[in-house]
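**Q**
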Amino acid sequence: MNPRRSKYEIVSEILKISNVPEGANITKIVYSANLNFKNAQQIISELLENGLLEIVDETGKTRYRTTKKGLEFVDRYDALESVQRF
Numbered sequence: 001m002n003p004r005r006s007k008y009e010i011v012s013e014i015l016k017i018s019n020v021p022e023g024a025n026i027t028k029i030v031y032s033a034n035l036n037f038k039n040a041q042q043i044i045s046e047l048l049e050n051g052l053l054e055i056v057d058e059t060g061k062t063r064y065r066t067t068k069k070g071l072e073f074v075d076r077y078d079a080l081e082s083v084q085r086f
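In the UniProt record's numbering, the protein residues as written are 1 to 86.
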């Protein structure tokens with residue numbers, strides 16, 4: 001079994017962590033997804049560019065929230081993973 005996660009697995013995890021009404025800050029994402037800040041920032045940037053995450057800045061602090069498009073990605077990824085395990 002390969003201990004390394006695929007980029008898609010990491011993306012799915014970030015989107016799940018950020019799927020809360022108030023969003024998740026970078027620290028929450030880094031610790032919950034077990035990433036370093038550099039990798040997390042790079043992936044978050046790509047997710048923002050592709051419309052899978054949005055920035056929430058209601059309290060003056062940057063938070064990231066999963067968009068509808070991001071939730072669709074998670075649903076499709078989870079479906080693919082369940083088929084792959086079969």
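For every residue, glycine included, the Cβ atom is placed at its ideal position computed from N, Cα and C.
(1) Could you give the distance in angstroms between the alpha-carbon of E54 and the alpha-carbon of V83?
(2) May I have the straight-line CA-CA distance separating F73 from E58, to the nearest angstrom?
(3) Starting from the C-beta of residue 92, find all residues in its chain whose C-beta is less than 7 Å away, skip the five residues before and the five after it, and write them out in chain order.
(4) Buried or exposed: which applies to E49, given that a residue is buried once 16 or more other Cβ atoms fall within 10 Å of its Cβ?
(5) Assuming contact is defined by CB atoms lying nearer than 8 Å, are Y64 and S12 in contact in what I supplied?
(6) Alpha carbon to alpha carbon, how far is A40 from K68? Give it in angstroms, no decimals.
**A** On the basis of the supplied data:
(1) Here residue 54 corresponds to residue number 54 of the sequence shown, with the count starting at 1. Here residue 83 corresponds to residue number 83 of the sequence shown, with the count starting at 1. For E54 and V83, the distance between alpha carbons rounds to 29 Å.
(2) Here residue 73 is taken as the residue at index 73 of the sequence shown, counted from 1. Here residue 58 is taken as the residue at index 58 of the sequence shown, counted from 1. Going from the Cα of F73 to the Cα of E58 covers about 25 Å.
(3) This structure does not reach residue 92, given that the chain is present from 1 up to 86, and the question cannot be answered.
(4) As a first step, residue 49 must be located in the sequence shown, where it is residue number 49. Exposed, since its Cβ has fewer than 16 Cβ neighbours within 10 Å.
(5) Here residue 64 refers to the residue found at position 64 when the sequence shown is read from its first residue. Here residue 12 refers to the residue found at position 12 when the sequence shown is read from its first residue. No; because the gap between Cβ atoms is not below 8 Å, this pair is not in contact.
(6) Position 68 of the sequence shown holds residue 68. Position 40 of the sequence shown holds residue 40. Answer to the nearest angstrom: the Cα atoms are 21 Å apart.
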